[in-house]
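*Asks:* If you scroll down you'll find the structure; I have some questions about it.
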Amino acid sequence: MGRARRIGISIGAVAIAATTSLLALDWADRNYPPPLEAAREVSTEILDRDGQLLRAFATREGLWRLETRVDDVDPALLRMLVAYEDRRYERHSGVDLLALGRAAWQLAANGRIVSGASTLSMQVARLIEPRRERSLTAKLIQIARAIQIERRLSKTEILNLYLTHAPYGGNLEGVRAASLAWFGKEPKRLSTAEAALLVALPQLPEKRRPDRYRDNAFEARKRVLERAREAEVVDKTEVELALNASLPTVRRQLPALAPHLAEAARRKAPEASIHQTTILRPVQEILEKVALEAGRKLDPKVSLALLMADATTGEIVAEVGAANYFDASRSGWIDMTRAERSPGSALKPFIYGLAFEQGLVAQETIVEDRPADFFGYRPKNFDMQYQGDVSIRQALQLSLNVPAVRLLDAVGPSRLMVRLRRAGVTLKLPPNEAPGLAIALGGAGITLKDLVQLYAGLANREQPVRLGDGIRDLAELVDEQPLFEPTAAWTVADVLGDVLPPTGSPPAGIAYKTGTSYGYRDAWSVGYDGRYVLGVWIGRPDNAAVPGISGYQTAAPILFEAFAKSGLAGTALPRAPTGANRIAASDLPQSLRRFSVDPNGLISVSARERPPQIVYPLEGSVLELGKGPNGEALPVVMKLQAGRAPFRWLVDGKPMSDSTRRRTGEWHPEGSGQSTLTVVDAEGRAASVNVFIRN
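Spelled out as structure tokens, the structure:
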């Protein structure tokens, strides 16, 4: 056999062997891939509206492992990490051959390991597939895994894995969890000293814990800083300052805000690792502190709940389901924002709103506050006293029971229920029971969330909203009629806005109402300004009585404190819409000066038999037409009292539309100037007013 042939055969054999080896390695790589999927398990995170962490849940192994990406970390930490752990990270393919050679030479020369040769890729391989033994075989497997990882992931993705899985002692894994535990902040803006400590800890996480081994932590941080100075990745002045910086002495708890909402988020989407909410973390923190401090002043078995929402969008911005989630004596795990309880007097503003809208009463209309019998139902005031003749304004501000029942009897409990459903709220009635007059005093069930939603309808008088669940942005503006027409909603707010704050509470510029349920079981207070609505509930989760609590004395002070501290107060209540104003008692039409009732509390029959009377607009009114959201002119609202339905409206003698049984109507003036409005009832009786329209 010639020499050339032998060389050819040898080359061929080498080529075949190399090819076979490559094919074998490729086969092994494909059939025994690195366990990257298993490495993807991270802690479930509940985030606020701006992406801030509200709460995290440990993994199934009990680890705090918050997913961390390069963009989540201060760039100085990344520079120090690469300088300290793997200077040629961007240039190798998983294994640094120069570092391996240096480590082998030092081992042979000194008989012991002087320096390591693990790259960041090799460390990631060890982190996602840990092995107890420290042997040559384990190291070779680690090298193979590092090469496999480099084939599958980019350098940034490998860094993401390291930043997420690096050990920091105990059950802490990853830079984010460590930064929150040691410094109480996200790792986006770390000081040089803080970043250096987080680079140093993973090498010996238990032996370098700053709360237990301060000297070890100090020396390890010093080595990282000196290496960073040598590599010129950190300014020398910054290094000098960082060398003498203090070390953390306590491991903090990770954020655990909005616990009830967090649990609900996990139940809603158990497979998701990130849950975005509509909560504002700063507001949530403040309201939880207010609830905790208030709870300490209450009986140990009494809890409380707060819920704050944006009335313009329906987003829940803060939700506190209990005074203390971890307090077993208060059953803190029960979310009392979703529990159905009796609202006491908290629904009265909606009765008055209907009465204002229907033209039955005005703010200065006189109503009787005296004992009354409504077919066997005899309501009494909270203090068992009666005020006699009072104005409607006084009756609502003082939360008098008899006047509220008189008005509900006039507008009808069923009509109130229908109107509340317009805002997306259905009251819970006793089984097989029709709506009755007891609703005025709390004879129905409602949740704090639904009560806040109703008051959002008063605050956002142009369009009703549906509060979202706070977990995802499910809040929506509803393309329906508003809860009340703007003048009625403004009138309610005008009355409630002048209710005095509780003693010692600062003025907050809010309209608010309180409620106390029968038997002192629930105390409520709900208030709103021009944008936000806040509701407070106090009581026992087991529905037992709490002697001495009341909406005004117990819940209202918390409402004012929470509103003031939230940082969201300050939006003024909306100005009066066109045609809405306070009318002195002496200027009221005769039919609006007193709410006529018979001895049973019903609207007097004689009132129905009187001729119709236009109660709005008033004779001689000058009306400026308001503008809608798209610039269109808003209609003039017309109201009448007395008379017999059906009614027909005329403008300057011309019929506006078909007859109607409603005592309210709308008129779209065709231009400015003097006009005469006339209404004719079924008996042919008429009433007219002259008004002037000004565009």
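Note that UniProt numbering has the sequence shown beginning at 1, numbered continuously upward. Cβ coordinates follow ideal geometry from the N, Cα and C atoms, glycine included.
1. Per DSSP, which residues does Val411 bridge with? Please list them.
2. Got a sec? Which residues, its chain only, sit under 7 Å from Asp658 by beta carbon, not counting five neighbours each side?
3. Helix, strand or coil for Asn600, going by three-state DSSP, please let me know.
4. Contact defined as beta carbons within less than 8 Å: I believe Thr277 pairs with Arg49. What is the distance between those atoms, to the nearest angstrom?
5. Taking the DSSP output, what are the residues bridged to Gln276?
6. Given Arg55, which residues of its chain have a CB within under 7 Å of its CB, disregarding the five upstream and five downstream residues?
7. For Ile510, does the count of other Cβ atoms within 10 angstroms reach 16, so buried, or fall short, so exposed?
8. Under three-state DSSP, which class holds Ala687?
9. Classify Ser659 as helix, strand or coil using the three-state DSSP reduction.
10. Between Thr192 and Asp299, what straight-line distance do the alpha-carbon atoms span, to the nearest angstrom?
11. How is Val622 classed by DSSP in three states: helix, strand or coil?
12. According to DSSP, is Pro349 part of a helix, a strand, or is it coil?
13. Around the C-beta of Met384, are 16 or more other C-beta atoms found within 10 angstroms, so that it is buried, or is it exposed?
14. Check Pro149 in the structure and name its three-state DSSP category.
15. Helix or strand or just coil, what does DSSP make of Ile558?
16. On the three-state DSSP scale, how would you describe Val73?
17. Among the candidates Gln613, Val636, Pro349 and Asn630, whose CA atom is the shortest distance from the CA of Val622?
18. Would Arg145 be called buried (16 or more neighbouring beta carbons within 10 Å of its own) or exposed?
19. Can the beta-carbon of Leu304 be found less than 8 Å from the beta-carbon of Ala323?
20. Is Gln142 buried or exposed, if buried means 16 or more other CB atoms sit within 10 Å of its CB?
21. Hey, out of Glu157, Arg79 and His275, whose CA is closest to Phe57's CA?
22. Only counting the same chain, and skipping five residues up and downstream in sequence, which positions put a Cβ closer than 6 Å to that of Thr516?
23. Could you have a look at Tyr616 and say whether DSSP puts it in helix, strand or coil?
24. Is there contact here, the region 366-380 with the region 489-504, by at least three beta-carbon pairs under 8 Å?
25. Using beta-carbon positions only, say whether Ala580 and Thr491 come within less than 8 Å of one another.
26. Take Ile149 and list the residues in its own chain whose beta-carbon comes closer than 7 Å to its own, dropping the five residues that flank it on each side.
27. Just list the residues that DSSP pairs Met638 with in beta bridges.
28. Confirm, please, whether the CB-CB distance from Pro413 to Leu437 is below 8 Å.
29. Closest to Ala162 by CA distance: which of Gly174, Leu153, Leu354 and Arg151 is it?
30. Quick one: measure Cβ to Cβ for Ala488 and Gln453, integer angstroms, because I've assumed they're closer than 8 Å.
31. In the DSSP assignment, what are the bridge partners of Arg594?
32. If you follow the beta strand (DSSP E) that Tyr532 is in, where does it begin and where does it stop?
33. Along the chain, where does the beta strand (DSSP E) that runs through Gly527 open and close?
34. Let me make sure I understand the geometry here. Which of Trp64, Ile128, Ala642 and Thr59 has the alpha-carbon closest to that of Pro270?
35. Using the rule of at least 16 other Cβ atoms within 10 Å of the residue's Cβ for burial, across every protein chain shown, is Lys155 buried or exposed?
36. Please state the DSSP three-state secondary structure of Thr676.
*Replies:* According to the structure data:
1. Val411 is not bridged to any residue.
2. If we look at Asp658 and ignore the five residues flanking it on each side, it has no Cβ neighbours.
3. In this predicted model, Asn600 has a pLDDT of only 44, less than 50, meaning its place in the structure is not dependable; the value taken from the coordinates is given anyway. Three-state DSSP puts Asn600 in coil, outside helix and strand.
4. Under the criterion of beta carbons closer than 8 Å, Thr277 and Arg49 qualify as touching, at roughly 7 Å.
5. According to DSSP, Gln276 bridges with Leu47.
6. Once the five neighbours on either side are set aside, the close Cβ partners of Arg55 are Ile46, Pro255, Ala256, Leu257, Ala258, Pro259 and Ala262.
7. Per the 10 Å Cβ criterion, buried.
8. Here Ala687 sits in strand by DSSP.
9. Of the three classes helix, strand and coil, the one that applies to Ser659 here is coil, per DSSP.
10. Each residue's Cα considered, the two are about 48 Å apart.
11. Of the three classes helix, strand and coil, the one that applies to Val622 here is strand, per DSSP.
12. Correct three-state label for Pro349: helix.
13. Within 10 angstroms of the beta-carbon of Met384 lie fewer than 16 other beta-carbons, which makes it exposed.
14. For clarity, residue 149 is Ile in the given sequence; the question names Pro instead. In this structure, Ile149 counts as helix in the three-state DSSP scheme.
15. In the structure shown, Ile558 sits in a helix (DSSP, three-state: H, G or I).
16. Val73: coil per DSSP, three-state reduction.
17. For Val622, the closest C-alpha among the options Gln613, Val636, Pro349 and Asn630 is that of Val636.
18. Taking every protein chain shown into account, the CB of Arg145 has 16 or more other CB atoms within 10 angstroms, so this residue is buried.
19. At a Cβ-Cβ threshold of 8 Å, Leu304 and Ala323 count as neighbours.
20. When all chains shown are included, Gln142 counts as buried.
21. The residue with the shortest Cα to Cα distance from Phe57 is His275.
22. Within the same chain, Gly344, Ala523, Ser550 and Gly551 come within 6 Å of Thr516 by CB-CB distance, once the 5 residues on both sides are set aside.
23. If DSSP states are grouped into helix, strand and coil, Tyr616 belongs with the strands.
24. Inter-segment contact for the region 366-380 and the region 489-504 is absent: fewer than three beta-carbon pairs are separated by less than 8 Å.
25. With contacts defined by Cβ atoms closer than 8 Å, Ala580 and Thr491 form a contacting pair.
26. Excluding residues within five positions, the ones whose Cβ falls inside 7 Å are Pro34, Gly94, Ser121, Val124, Ala125 and Ile158.
27. Beta-bridge pairing links Met638 to Gly665.
28. Cβ atoms of Leu437 and Pro413: closer than 8 Å.
29. The displayed chain sequence assigns Tyr, not Ala, to residue 162. Looking at Gly174, Leu153, Leu354 and Arg151, the one whose alpha-carbon comes closest to that of Tyr162 is Gly174.
30. The beta-carbon separation of Ala488 and Gln453, rounded to 18 Å, does not stay under the 8 Å limit for a contact.
31. For Arg594, which the question treats as bridged, DSSP gives the partners Ile366.
32. Tyr532 -> beta strand (DSSP E) spans Tyr532 to Gly539.
33. Start and end: Asp522 to Tyr528.
34. If we check each option's Cα against that of Pro270, Thr59 comes out closest.
35. Exposed, because fewer than 16 other Cβ atoms sit within 10 Å of the Cβ of Lys155.
36. DSSP, reduced to helix, strand and coil, places Thr676 within a strand of the structure shown.
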